[in-house]
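Counting from -6, one number per residue, gives the positions in the sequence shown under the numbering used here. Glycine included, each C-beta is placed from N, C-alpha and C at the ideal position. Here the structure is a predicted model, which is why all the values come from computation and not from measurement.
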Amino acid sequence: MSLALALLLATAPAADAPPVKKAPQPSVRLSLRSITRDDAIIRPAAPRSAPHGWVSDADYPVDKLPGEWLVTDVDIDIAVAEDDSVAGCTATVSRVKDRGGAALGEEARAQAETLLAARACRIVRERGGFRHAIDAEGVPHLAKVAMRMSFSAVPVLVRAAARDPQPRPYRTMARPLDATILNFRGDPGQQVDSSRLRAPAAELSIDAEGRVARCRVAVSTGSDNGDAAMCRQLRAAAFEPARDRAGNGLPDGYYFAAMTIGVSSK
-6 MSLALALLLA TAPAADAPPV KKAPQPSVRL SLRSITRDDA IIRPAAPRSA
44 PHGWVSDADY PVDKLPGEWL VTDVDIDIAV AEDDSVAGCT ATVSRVKDRG
94 GAALGEEARA QAETLLAARA CRIVRERGGF RHAIDAEGVP HLAKVAMRMS
144 FSAVPVLVRA AARDPQPRPY RTMARPLDAT ILNFRGDPGQ QVDSSRLRAP
194 AAELSIDAEG RVARCRVAVS TGSDNGDAAM CRQLRAAAFE PARDRAGNGL
244 PDGYYFAAMT IGVSSK
């Protein structure tokens, strides 16, 4: 072999190494699938705590499910009664896939139903906790909470996030014209719990004219009456709307109004 050829081979870039096949790590996760949207409801029914803490990998033999690598979702629909109890629960396997991403047959689906869905509602009833829905008057309502229990035994590939080459358009965000509107003016009859560690808050939709189009309780004041009063106060407030570069008003579908608990100075 000539010296030139030896140098060429020594300095040539190495071929890409084949991907390393890592052993799949079975896991189970419980999360919200959706919250029922109803304009008449200011506080939808929702879990009182993070659902992922209600279930663990040890609750299910996910490594014994059909397929070497597998992804399975169980959709859980819970009816939350006016007294916060679970009035009903159904669980259905929505998808079962093998390691190639192909849907598995009815036999695998039936096995997943037996291993997964049959126990999902029991776990939700035994470990879960919910807060009921209320309307603008503070009246409790029966409402649905949709959750999803996801099982996986697939390798996770971590890749660098791609940079977005398109800059976001310039715009200003909505803001209240009077910042004191965020001081919750509760009274003893509204039973607002001022000792709470988290400040009460609401998610607002602000239209292009600066009016509150929708109010939804994000962090409860601690009572139904207090939550209703918070949304009444915020709906009466005036906002500077979001604006584009030319100064035109824009609707803002999400404004997080974090309140402070106090007494009106009037």
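- Contact between R141 and V64 fails: their C-beta atoms lie close to 12 Å from each other, not under 8 Å.
- Inter-segment contact for the region 21 to 35 and the region 125 to 142 is present: three or more beta-carbon pairs are separated by less than 8 Å.
- Of the candidates S49, R41, G122 and G131, G131 places its Cα closest to the Cα of R225.
- Cβ neighbours of A194 within its own chain (closer than 7 Å, five residues either side excluded): A211, V212, F249, A250, A251 and M252.
- The beta carbons of A129 and I199 sit no closer together than 7 Å.
- Leaving aside the five residues that flank V89 on each side, the residues in its chain whose CB is nearer than 6 Å to its CB run, in chain order, T65, L97, A101, R102 and A105.
- Excluding residues up to 5 positions away in sequence, I35, R36, I127, G131, P193, V210, S213 and T214 lie with their Cβ nearer than 8 Å to the Cβ of D220 in the same chain.
- Here M166 is exposed, its C-beta having fewer than 16 other C-beta atoms within 10 Å.
- The shortest C-alpha to C-alpha distance from A84 to any of V117, Y53, E99 and D76 is the one to V117.
- Taking a C-beta distance under 7 Å as the contact criterion, A206 and P234 do not qualify as a contact pair.
- A residue is called buried when at least 16 other Cβ atoms come within 10 angstroms of its Cβ; D31 does not meet this threshold and is exposed.
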